[in-house]
Every structure is written in structure tokens, then in C-alpha cells.
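J.: Okay, here's the structure, questions in a sec.
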Amino acid sequence: MYKMEYRTLIVEKKNAILQITFNRTEARNSINCEFLQELNTALDYAKENLEIKIVLLQGKNGVFCSGMDFQEVASIKEKESSESSQKDLVMTQMYMDTLRRITLFSKVVISCVDGQVLAGGVGLVACSDLVIATSKAEFGLSEALWGLLPAMVLPYLIRKVGVQKAYFMTLTTIRISVEEAKDMNLVDEISNNMDHVILKYYQKISRMEEKTIENMKSYFRKLWIIDENMERMAVNQTYTLVSQPQVKENIYNFVTHKKFPWEKN
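Sequential numbering from 29 applies to the sequence shown in the working numbering.
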């Protein structure tokens, strides 16, 4: 039995399936450096274990993932140093690298969504191979409200839903229902019995060679426009925006005073 202590995840191996549960409930399963490091550690284990065929990503308590950890960004603002600026860049690059890794991973990665998926969480869903969601799932890109753009999410979201749907979500910041997400191909299947759906997929996936899955993912990446130049552009765009004083101020005021950017007084 796989046993390793994680602070931000619960990782359980169940036969040929590795279940990764995001466990930052006090921070609404937001993304920070530690979360990304531990997620990659769990993926390392899955890659090395030949028995594992499927990796499941899921949240807890009605939140799959709420995106960037504003608490961490606010704490970086307080330091205002070259070290804090470097931490911004490290987390940004690590997030982009994780999305790319999932899309090329030699195991099938399934996002199981039961509740809210916001901002960077949409990226984790969009880069997954399959997405199963319950009737309670909803999805939204809120970055523009804070002066940001979902630059690293968009290449993978556009691959799933197309340019206009991704632009609609970015521009309006409106949350979409699970039915809307299914209609635009962000969600592959709606079910309140995820185990049944996972078993259905497993019965086929388990018959495939790992190398075949790896080749499949690599070939589909070549068919699409995502490459190292696009990833570099996305990282630079995100880093530039999150480093702007006004954006940091927006986030700091929300974390410290619960004041939204549009509340000027």
C-alpha cells in the first residue's frame, strides 16, 4: 500500500487507480507552490508504478480548485523584494509545467468535479484527458475582475471548447453550469455516480499499453498549436500581470480587508 505524508493532498492507490484529492479546504483548494510540488510528487509515483493505469483528480467539500492562492500572493506583496518577485515567477512556471505534464502523462488523467472550479482550477480540468462532473459542478474564469488574464489556462481551454467559448468565459467572468460545460465539451460526462463512469472507462483503458497512451497524447499535442513558445508567452504574460502593483494591491485588499477591486470607496 502506498503511504506518503502530504500536506495539501490525500493520495490513495486503489488497485490500478491513483486517487489524488486536493486537501487545502481551509484555502478552498487554491494553488500554491507546495500544492504544485506535491501534485508532481504524486504524479512521479504514478509514473513509476506500472500497475497504475488511471490518475483521478478531485476536490473536497464542494470545491474542486479555486485557482491561485491569494493569501500567498498577498504575503509576497508584503515582502516587496527581488526574492518575492522570483517566487511569483517560480509558481507561474511550475503551474504551466504541471499543465503540460498532465497532457503528456503516460497514464490517463481524469478530473472528477463535484462543485466549484475557478480560474487556475479550470486549467487543471482542461488539461485532463477526461472530465466527469456531477450536477453540482460549475466553472468560471474570474481573473479579469482582478486585473489578470487566464493566460496559462487558455491554450488548454481553447483546445477543449474553442476560441469563442473560452473568450466568453474570460470576458464575462460568468460561471457556467455543468450542462453548459458539457455542451461546450469542457465536461465529457455528467453523472452523480462517478464510480460507475470510471469503471466504464477503466475497462477499455486497462487494455491499452502505456506507451500507446503516451504516443497518443504526444501526437495530439503536435496537432494543436500549443508549443514551448506559446507556453513561454503565457508564463510571461501571467508573471507580468501578477507583478503589477495595482494587481497586487487588488489581491492584498481582498485578502486583508475583504474589499473587491470594483469597490473603490
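All C-beta atoms, glycine included, are put in the ideal place defined by N, C-alpha and C. As the structure is a computational prediction, the values presented were derived from the model and not from experiment.
Sort out for me which residues DSSP pairs cysteine 93 with in a bridge.
T.: Answer is Val145.
J.: Restricting to Cα atoms, I'd like to know which of Ile45, Leu173, Glu207 and Ser94 is closest to lysine 276.
T.: Cα-wise, what sits closest to lysine 276 is Leu173.
J.: Where DSSP assigns a beta bridge to leucine 84, which residues make up the other side?
T.: According to DSSP, which records beta bridges pairwise, leucine 84 is partnered with Gln47 and Ile138.
J.: Helix, strand or coil: how does DSSP classify lysine 218 here?
T.: Correcting the residue identity first, residue 218 is isoleucine in this sequence and not lysine. Strand.
J.: Comparing alpha-carbon positions, which option in Tyr280, Pro183, Glu242 and Arg249 lies nearest glutamate 259?
T.: Ranking Tyr280, Pro183, Glu242 and Arg249 by Cα distance to glutamate 259 puts Pro183 first.
J.: Could you name the residues that DSSP lists as bridge partners for alanine 172?
T.: None; alanine 172 has no bridge partner.
J.: Tell me which residue opens and which closes the alpha helix (DSSP H) that isoleucine 160 is part of.
T.: Counting along the chain, isoleucine 160 falls outside any alpha helix (DSSP H), though it belongs to the beta strand (DSSP E) covering 158 to 161.
J.: Taking a contact to mean a Cβ-Cβ separation below 8 Å, would you say valine 91 touches glutamine 144 in this structure?
T.: Against a cut-off of 8 Å, the Cβ pair of glutamine 144 and valine 91 comes out as a contact.
J.: Please list the segments of the alpha helix (DSSP H) lying wholly inside the stretch 185 to 237, counting only runs of 4 or more residues, in order along the chain.
T.: Qualifying alpha helix (DSSP H) stretches, in chain order: 191 to 200, 206 to 211 and 222 to 233.
J.: Tell me whether the beta-carbon of methionine 93 lies closer than 8 Å to the beta-carbon of asparagine 60.
T.: Here the sequence assigns cysteine to residue 93, which means methionine is not the residue at that position. No, these two residues do not count as a Cβ contact at 8 Å.
J.: Note down, in chain order, each residue of its chain lying with its Cβ closer than 7 Å to the Cβ of serine 163, except the 5 sequence neighbours on either side.
T.: Val206, Ile218 and Asn220, listed in sequence order.
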